[in-house]
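One structure is given below, encoded as structure tokens.
In the working numbering, the protein residues as written are 15 to 634.
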């Protein structure tokens, strides 16, 4: 294994990287650095994110520029503001012993007046996003005629974001005798076109096979219903209490919704998407980098170029629309010889999309079982015990011990531990106490042959008909009410999915449903005291236990958001429904609005448009 000294770097740069703790170059650095220092020619570098690309082009650039010249000689183009700042920061650290070499970052989303001031003393090295750079060129504040070294970092991502025309315009303003370095994780046709048009005798330096995923990333998938995605995500997170990862979503709206649900459920999570201001993006990323956030929920566009160390997981809430995007996503973890896990949540219909990705990244996906409630609780309790074992006890606590020991003297060690864990986990254990087996549910669906789950029945616990109470809510079909709306309302009001709900009947003005007698008071209290139930009256039905409609929602033990009208499964339910529909003058054959699957609103901002454009690409 070579050292940095063997690559030909000068003493001042070697001193800086030594202080940063770097001892040996990565494979991409070992090949790129001596080649550039020899001024041999252009380079196409194919390597995954996190392989040390910034140092590969940054260290020789620092050595090659003339620090005494007042002209910009090195230009680095990056797709996002975050990556732009990150590159400039790293370059500053590498060049800490080069006081006369100035590095300036310019990017959109920040007051241009500050950046103009930074450009008053012309930097030798400029790091920029394409849009802001073109703006500065048009203002005649930046000149590219002296550029001797041009770097296109994350080139495939820049093209995915729609920067091809901008990049072309920028390149054409640089001198013909420049050296061009193009770094990309993948090699799509558009990248090859740029290389052939603007690069001369470029040497291709590839770390691993083209488009191959990082070797230390484990690729998994989980089969789920579309309506159970969030519950499955929650189980994965709970089963991995020390998780530090990114959840990728398709759209801005989905990103917001998932992040909001996670925060409501008590997770240290936040969202990153194109609707956020630069200050908000910076705040979110700052918290994530210092681990004040465990989970970052992000769109692909917003997360372009993110470089965060030690991520344990990447979770694909939905599969991306193209295979290259999957490679980028999964490459966020498993960096610098660390292991990582990539998990895709897919429906049975999407299972066929896994094979093309496997061929693209040269990896095999492993199907994971969804953790059961028992498994989740076991993992959480053991994790807590391990943390207790490793925690350092502050000496200041010693003075409190005599009183504590006296208070607990009649308890055994096992009893003390049990009660202590109960303090932390009673609510958690209660949530998972009656959690359904999602894997069994999936197996039953597979047997039924309905991969889309549009006609599937719920995985339920049957309610003892002799132990139920019939309730009535003053909302019916005329109010747009139906079984899924009722279940969603009860979930929101009680924040407890363990309440057993039985048959549901919907009439024009009212909705009737059965509830377990033992849970009646809890339900009534929740509706009386929760603001979410304002304007909704709930009453016990005396005497007649079924509405005249005969419409039944079937037995419901575990309530979850659902996008389908439920059925009791009785043989005469269809005739009953048809009969009632005729009486009421209502048609139930119309397609109804999906309550949970809300479409994202359209925005006119450029970042938002690009996210939507990417999300709408055809599936492969």
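Cβ coordinates follow ideal geometry from the N, Cα and C atoms, glycine included.
Annotation: residue 271 to residue 234 spans about 24 Å, alpha carbon to alpha carbon. With a cutoff of 7 Å on beta-carbon distance, residue 387 and residue 446 are scored as near each other. Three or more Cβ pairs closer than 8 Å define a contact, and the stretch 319-339 meets that threshold against the stretch 255-273. Inside the stretch 130-191, DSSP marks whole beta strand (DSSP E) runs of 3 or more residues at positions 139-142 and 163-166, from first to last along the chain. Between the alpha carbons of residue 116 and residue 138 lies a gap of roughly 6 Å.
Ranked by Cα distance from residue 67, the options 198, 509 and 374 are led by 198. Rounded to whole angstroms, residue 380 and residue 256 show a C-alpha spacing of 22 Å. Around the beta carbon of residue 244, 16 or more other beta carbons sit within 10 angstroms, so the residue counts as buried.
Counted as a single uninterrupted DSSP element, the alpha helix (DSSP H) harbouring residue 387 occupies residues 387-404.
One Cα belongs to residue 180, the other to residue 52, and the distance between them is close to 30 Å. In this structure, residue 109 sits away from residue 146, with a CB-CB distance that is not shorter than 7 Å. Taking the CA atoms as reference points, residue 325 sits about 5 Å from residue 258. Residue environment for residue 402: exposed (fewer than 16 other C-beta atoms within 10 angstroms of its C-beta). With a 10 Å radius around the Cβ and a threshold of 16 neighbouring Cβ atoms, residue 481 comes out exposed. Distances from the alpha-carbon of residue 526 to those of 369, 183, 488 and 361 put 488 closest. Per DSSP, the unbroken alpha helix (DSSP H) holding residue 541 starts and ends at 534-543. For a cut-off of 8 Å, the C-beta gap from residue 288 to residue 315 is around 6 Å, short enough to register as a contact. Under the 8 Å Cβ criterion, the stretch 74-85 counts as touching the stretch 21-41, having at least three qualifying pairs. The beta-carbon separation of residue 168 and residue 93, rounded to 5 Å, stays under the 8 Å limit for a contact.
The C-beta distance from residue 192 to residue 164 rounds to 5 Å, short enough to meet the 8 Å contact threshold. Residue environment: residue 414 is assigned as exposed (fewer than 16 neighbouring CB atoms within 10 Å of its CB, all protein chains considered). Scanning its chain for C-beta atoms nearer than 8 Å, with the 5 sequence neighbours on each side dropped, one finds around residue 202 the residues 170, 173 and 338, in chain order. When 360, 253 and 219 are compared, the shortest CA-CA separation from residue 242 is found for 360.
For residue 289, there is no enclosing alpha helix (DSSP H), as DSSP marks it with neither H nor E. Burial state of residue 304 is exposed, judged by a 10 Å Cβ sphere holding fewer than 16 other Cβ atoms. Taking one beta carbon from each stretch, the stretch 493-507 and the stretch 537-555 have 3 or more pairs nearer than 8 Å; the two touch. Listed as beta-bridge partners of residue 484 by DSSP are 528. No residue range can be given for residue 409, since it is assigned to no beta strand (DSSP E) and is classified by DSSP as neither H nor E. The DSSP-derived three-state label of residue 366 is helix. The Cβ atoms of residue 273 and residue 284 sit closer than 7 Å to each other. According to DSSP, residue 218 shares a beta bridge with 58.
With fewer than 16 other beta carbons inside 10 angstroms of its own, residue 535 counts as exposed. Contact between residue 60 and residue 221 holds, with the beta-carbon distance rounding to 7 Å and staying under 8 Å. A straight line joining the alpha-carbon of residue 372 with that of residue 342 spans about 14 Å. For residue 309 and residue 282, the gap between their C-alpha atoms comes out near 6 Å. Cβ contact annotation for residue 84 (same chain, cutoff 7 Å, sequence separation greater than five): 136, in chain order.
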